[in-house]
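Residue numbers (mature numbering (1 follows the signal peptide of the UniProt record, and there is no 0)): -17 to -1, 1 to 136.
Scroll down for the structure; my scribbles are underneath it.
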Amino acid sequence: MRRFLILLLIISSKTFACGEETKEFSPFALKFEDQQTSQQELQVFEILSPVKKGDEFLSSVTARLEGEFEVNLDIREDFSYIGNYYRSFISIPNKYIDKVEVVLSYNTTKKDRSTMLFCANWKIYKLRELLSFEAANEAPPPTSPPPPNADDY
């Protein structure tokens, strides 16, 4: 039994992770500027997470502050940046920006999250770290459909 425990301690947690480490992976966060929130004590942050990491899709975004809270954030598709991103929002006091951790979990093989992998495919970031990452380029505004042609009637 001792040998088994020692063996488990020696083996890296990467061994238990599914999939390969992906080099092109670029989450980021932005401070959400709003006239109503700029006067308040809470700051709103937008977290943008790539939809896919390798072969796995984003399954959850969790924000946590040790000893205070751990909450799963809502995930919505984002179309305002070039690339495939999900967006989440969190409102926290300024004093916690350096302490809040954001956990991005990539534990599903389907975009609709109907399957689940039991792997260690997550990445933990400090919110301040995500704020320092370069943001993706903004997507161009959607084009309006062409006006109807009189000949089509």
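Glycine residues also receive a C-beta, built at the ideal position from the N, C-alpha and C atoms.
All figures in this text were calculated on a predicted structure; none of them were measured in a lab.
Roughly how many whole angstroms lie between the Cα atoms of S71 and R111?
C-alpha separation (whole angstroms): 15 Å.
For E121, which residues of its own chain have a beta-carbon under 8 Å away from its beta-carbon, when the five flanking residues on both sides are left out?
Correct list, in chain order: S63, Y64, I65.
Buried or exposed (CB count within 10 angstroms, at least 16 for buried), V85
Buried is the call here.
Beta-carbon separation (whole angstroms), A118 vs V83, contact threshold 8 Å:
In this structure A118 does not touch V83 by the C-beta definition: roughly 19 Å separates them, more than the 8 Å allowed.
Taking only runs that begin and end inside the segment 28 to 67, name each unbroken beta strand (DSSP E) of 3 or more residues, in chain order.
Correct list: 43 to 48, 52 to 56, 59 to 61.
Report the three-state DSSP secondary structure of L114 (helix, strand or coil).
Per DSSP, reduced to three states, the secondary structure at L114 is helical.
May I ask which residues mark the beginning and end of the beta strand (DSSP E) holding F11?
It spans 11 to 14 - the beta strand (DSSP E) in which F11 sits, taken as one unbroken run.
Secondary structure at Y108, three-state DSSP: helix, strand or coil?
In this structure, Y108 counts as strand in the three-state DSSP scheme.
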